[in-house]
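Mapping the sequence shown onto my numbering, position 155 (from 1) lands on 167, and the numbers just tick up by one.
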Amino acid sequence: MHGSVFSFFKHVIDPISEVFDPLNVSIILILFLFFSNNIEVISKNSKKISLLKDKTGLIESEIFSIFYYYRLIIKHCLISIIVAGIACNVLKYIMGVARPKYFFLENAERIDFFNIIQKMNSFPSGHTQAAFTMAVLILFYVNRFSILVFLLASLMGISRIFMSMHFPSDIIFGAYLGFIIPIALYNHFFIEKIEKIENCNYLSLNNFLKLLYWRFFL
Numbered sequence: 013m014h015g016s017v018f019s020f021f022k023h024v025i026d027p028i029s030e031v032f033d034p035l036n037v038s039i040i041l042i043l044f045l046f047f048s049n050n051i052e053v054i055s056k057n058s059k060k061i062s063l064l065k066d067k068t069g070l071i072e073s074e075i076f077s078i079f080y081y082y083r084l085i086i087k088h089c090l091i092s093i094i095v096a097g098i099a100c101n102v103l104k105y106i107m108g109v110a111r112p113k114y115f116f117l118e119n120a121e122r123i124d125f126f127n128i129i130q131k132m133n134s135f136p137s138g139h140t141q142a143a144f145t146m147a148v149l150i151l152f153y154v155n156r157f158s159i160l161v162f163l164l165a166s167l168m169g170i171s172r173i174f175m176s177m178h179f180p181s182d183i184i185f186g187a188y189l190g191f192i193i194p195i196a197l198y199n200h201f202f203i204e205k206i207e208k209i210e211n212c213n214y215l216s217l218n219n220f221l222k223l224l225y226w227r228f229f230l
């Protein structure tokens, strides 16, 4: 029984967490931001704007609103991932908590403050922090499958215990960190800007992707 549970976490949950690695997600977000960010350049070319309008069926003000709206979302996601990751790693260095396998098998000190050695950076869990940061961001902007999303994030955290990489306290605080930072950033820097335009019915992801596609070929 224990072997099958370990195998599930090692061969199913861990690979999923690697797919949603913050670096991979950040690269994708930066690419999206790059291709949507220079719409101001296109705006000076009336011919290209006309082509975008013809290809998408959107009027000029809708085109600019869509790019503006999704740039805000991308910036929120990107900043959340970066800030949460930095906060997590700074805490790892400050706390210097030994990972379970080194604490139990090698008699390492439980806590050794300001230690950058890999075996002494257990608290908080970076994988769990990243999983919950992603989960919160998905629920912010997709608002579907909430139970499944948080279940998957929780399993990613629990897997770190089964892999002897973290104590439960590492997982709990990593989850808290990943949960609170995107919400705090949203409430302080993005909520007013996003809520001003988010109820417009043309702000669908499909329209944004369609605009990006035609923007790429203009």
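All residues carry an ideal CB built from backbone N, CA and C; glycine is no exception.
Once you ignore the five residues that flank residue 209 on each side, which residues in its own chain have a CB closer than 8 Å to its CB?
-> As a working note, residue 209 is residue 197 in the sequence shown. The residues are 77, 80, 81 and 215.
When the Cβ atoms of the segment 197-204 are set against those of the segment 87-95, are three or more pairs found closer than 8 Å?
-> yes
Any chance the segment 126-138 sits against the segment 99-111, with 3 or more Cβ pairs inside 8 Å?
-> yes
For residue 250, three-class secondary structure by DSSP = In this structure the chain extends from 13 to 230, so residue 250 is not present and cannot be described.
Exposed or buried, residue 189, counting other C-beta atoms within 10 Å across all chains shown (16 or more means buried)?
-> The residue you call residue 189 lines up with position 177 of the sequence shown. Buried, by the Cβ-count rule.
So, using beta-carbon positions, are residue 29 and residue 143 closer together than 8 Å?
-> Start at 1 with the first residue of the sequence shown, and residue 29 comes out as number 17. Start at 1 with the first residue of the sequence shown, and residue 143 comes out as number 131. Yes, they are a contact pair.
Opposite residue 123 in the DSSP bridges: which residues?
-> As a position in the sequence shown, residue 123 is number 111, starting the count at 1. Beta-bridge pairing links residue 123 to 109.
Could you check what DSSP says for residue 168 in three-state terms: helix, strand or coil?
-> Stepping through the sequence shown from its first residue, residue 168 is reached at position 156. If DSSP states are grouped into helix, strand and coil, residue 168 belongs with the helices.
Alpha carbon of residue 100 to alpha carbon of residue 136, nearest angstrom | As a first step, residue 100 must be located in the sequence shown, where it is residue number 88. As a first step, residue 136 must be located in the sequence shown, where it is residue number 124. Approximately 6 Å between the Cα atoms of the pair.
Output yes if chain D places a C-beta closer than 8 Å to the C-beta of residue 201; else output no.
-> Looking for chain D here will not work: only one protein chain is present.
Do the CB positions of residue 140 and residue 183 come within less than 8 Å of each other?
-> Working through the sequence shown from its first residue, we reach residue 140 at position 128. Working through the sequence shown from its first residue, we reach residue 183 at position 171. Yes; because the gap between Cβ atoms is below 8 Å, this pair is in contact.
Residue 102 by DSSP, collapsed to three states: which one?
-> Residue numbering aside, residue 102 sits at position 90 when the sequence shown is read from its first letter. Helix, per DSSP.
Alpha carbon to alpha carbon, how far is residue 96 from residue 176? Give it in angstroms, no decimals.
-> Taking the first residue of the sequence shown as 1, we reach residue 176 at position 164. Taking the first residue of the sequence shown as 1, we reach residue 96 at position 84. Cα to Cα, residue 176 sits roughly 23 Å from residue 96.
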